[in-house]
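Chemist:
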Amino acid sequence: NIISRGFDASDVIYLIMPDRFSNADPSNDSVADMSDKPDRTNPTGRHGGDIDGVISQLDYLEDLGVTTLWLTPVLEDNVAECSYHGYAISDYYKIDPRLGSNMDYKLLADSLRVRGMKLIKDVVTNHCSSSHWWMDDLPFPDWIHQFPKFQRSNYRMTTQMDPYRSEMDWMRCEKGWFDTTMPDLNQSNPHLIRYLVQNTIWWIEFAGLAGLRVDTYSYNDKGGIAYWTKCIMDQYPNINIVGEVWMNSAADIAYWQTGSRLSGGFDTGLPALMDFELMRALSKAINEDEQGWDNGMVRIYNSLAQDYLYSDPANLVIFGENHDTDRLIYQLGGDMAKYKMAMTLLCTTRGIPQIYYGTEVGMDGKKSFGDGDLRKDFIGGWTQDDRSAFREDQRTRKEDSIFNFTRKLLKWRKDKNIIHQGQLLHFVPQQNVYVYFRFLNRTDDIVMVILNNSGKFQKLSPDIYDEILLGRRWGYEVLSDRSIDLSTLYLSPKTPYIIELSKNR
């Protein structure tokens, strides 16, 4: 078994769209037999970023404190336009030549491993590209789902679990095409699912991957994707696989995790999930200065209080944004204080934090402006750029402030086993102040996190928390590098605190 340890709560995942990150090899920007040619002025065009560009920035990423890279799909996507995102795969065994070669991908994985870092491959099992070579002569008529005329998915994933569903609604969700250029693969065809299993094993072996992220996991045939997942986990029990189940309730998401008590005996075998419910609550909570019965920081409290639904809440990937959502900075109105609150939460609560490329230097984007606005080029990833946000001496003051805060937080988290494996104890927020603790044993060292989301100074009352403080009153506040007496602590407005408390104080 080549996988000694997959990604887990000790990691911080950095999500990169390679075409928009860094272009280290302009010679492959245009390839003769690839339809979509480079056009950096087009938000939905190819811009030229590549795998060599990611490799060239590994010093930057390691210095930032991330431990694991998740690249959006890097396999060949030969559709005529919008191919830059890679989710319409036209060859499952070939890296897109505009991003590099198979050996470039292996070099990236090897280079990360030397640094003690990991690589997650974005796997697309639900659909392929309309330009895939097998579309000219399908191996079996039911290799893909076919209809008398084009049938788009209705995207109603609840039909996968709904006891009262219409069979027509379910069929349109699971078998309908994700888009006109994305034929829906039939995972109930045993030959197709065996092909996907063998392909995934090949890439794990070839590159030595630490994990997989499965796109649109809940759109697949349930039995077929469960078989695929079981095959991979049986072969590589130490790997981790996270599924994209983009639903807004914890119950709907938890259904898909292995060992779920909600699935009526059906088990996907899927170890990890993406916590879209917490993502939805995060920016709403932080944007609310006042707290009511179910708003403000109570949103976060209520979200985490539903963890009883998950079989393994520690194995949830948590995030404030990804390549399909408004940028976190935009969601928070460009407010640095709010950003610090959000990042502090993501780096100290349960789960595996994931951040999106460029967030650490303040990149923003609005989905209503088009996906291209969410996927702008990283400043300085191209030699013709006027300056580089990869370089400290070329960042703006605001970019450098955001970067330094993010780096400090990630580097502190990197060696904190108490955060990686510790239990979580939280208290009902009072006056929009959320207080929680991470600990391995209550009588040993503990970490206290305070998020004052109100617009006012607040006096902390440590006696409220004495079931875990056990008389401790002195601690070290990580973000401000100072000792703190909890007995006299006045919380600044819109400010996070991470306080390390020794068992001896």
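For what it's worth, this note's numbering labels the leading residue of the sequence shown as 955, then goes sequentially. Ideal placement from N, C-alpha and C gives every residue a C-beta, glycine not left out.
Kindly confirm or deny that the region 1137-1148 and the region 1079-1095 touch, where touching means at least three C-beta pairs closer than 8 Å.
Modeler: Verdict: yes, contact present.
Chemist: Could you check what DSSP says for Tyr1311 in three-state terms: helix, strand or coil?
Modeler: Three-state result, Tyr1311: coil.
Chemist: Find the nearest neighbour of Thr1022 within the set Asp1058, Asp1289, Ala963, Ser1044, judged by alpha-carbon distance.
Modeler: Closest option to Thr1022, Cα to Cα, is Ala963.
Chemist: Tell me the rounded alpha-carbon separation between Trp1428 and Ser1120.
Modeler: Cα to Cα, Trp1428 sits roughly 60 Å from Ser1120.
Chemist: What residue range does the alpha helix (DSSP H) around Ser908 cover?
Modeler: There is no way to answer for residue 908, as the model of the chain reaches only from 955 to 1459.
Chemist: For Ser1265, I'd like the list of residues in its chain whose CB is within less than 8 Å of its CB, leaving aside the five on either flank, ordered along the chain.
Modeler: Here the set comprises Ala1208, Gln1211, Thr1212, Gly1213, Ser1214, Arg1215.
Chemist: Which whole-angstrom value is the C-beta distance of Pro1027 and Asp1076, which I expect to be below 8 Å?
Modeler: Between Asp1076 and Pro1027 the Cβ distance is about 5 Å, and since that is below 8 Å, they are a contact.
Chemist: For Val1068, name the three-state secondary structure that DSSP assigns.
Modeler: DSSP places Val1068 in helix when its eight states are reduced to three.
Chemist: DSSP state of Gln1189, grouped into three classes?
Modeler: It is helical.
Chemist: Which parts of the region 1039-1109 are runs of the alpha helix (DSSP H), unbroken and 4 residues or longer, counting only runs that do not cross its ends?
Modeler: You should have 1056-1068.
Chemist: Considering only heavy atoms of the ligand GTP, does any lie closer than 6 Å to the CB of Trp1124?
Modeler: By its list of ligands, the structure shown contains no ligand whatsoever, and the ligand GTP lies outside what it can speak to.
Chemist: With a Cβ-Cβ cutoff of 7 Å, do Lys1060 and Ala1161 count as a contact?
Modeler: Yes.
Chemist: Please classify Phe1104 as buried or exposed, where buried requires at least 16 neighbouring CB atoms within 10 angstroms.
Modeler: Result: exposed.
Chemist: If you run the structure through DSSP and keep just helix, strand and coil, what is Ala986?
Modeler: Looking at Ala986 - three-state DSSP - the assignment turns out to be coil, as it is neither helix nor strand.
Chemist: Just the Cα atoms here: how many angstroms apart are Tyr1505 and Arg1436?
Modeler: Nothing about residue 1505 can be reported from this structure: the residues present for the chain run from 955 to 1459 only.
Chemist: Three Cβ pairs or more, each shorter than 8 Å: is that satisfied between the region 1355-1363 and the region 1388-1406?
Modeler: With the cut-off at 8 Å, the region 1355-1363 and the region 1388-1406 do not touch.
Chemist: Use the C-beta contact count for Asn955: other C-beta atoms within 10 angstroms, 16 or more gives buried, fewer gives exposed.
Modeler: Summary for Asn955: the model assigns pLDDT 47, below 50, so the residue's position carries little reliability; its value from the coordinates is reported in the next sentence. So Asn955 ends up on the exposed side.
Chemist: Thinking C-alpha only, which one of Tyr1444, Thr1442, Ile1438 is nearest Ile1476?
Modeler: Residue 1476 lies beyond the residue range present for the chain, which begins at 955 and ends at 1459; the question has no answer from this structure.
Chemist: Let me check understanding here. Comparing Cα to Cα, which of Ala1034, Ile1155, Ile1098, Pro1095 lies closest to Tyr1047?
Modeler: For the residues Ala1034, Ile1155, Ile1098, Pro1095, the minimum Cα distance to Tyr1047 belongs to Ile1155.
Chemist: Measuring alpha carbon to alpha carbon, tell me which residue in Asp1369, Ile1400, Leu1443 is nearest Lys1457.
Modeler: Out of Asp1369, Ile1400, Leu1443, Ile1400 has the C-alpha closest to the C-alpha of Lys1457.
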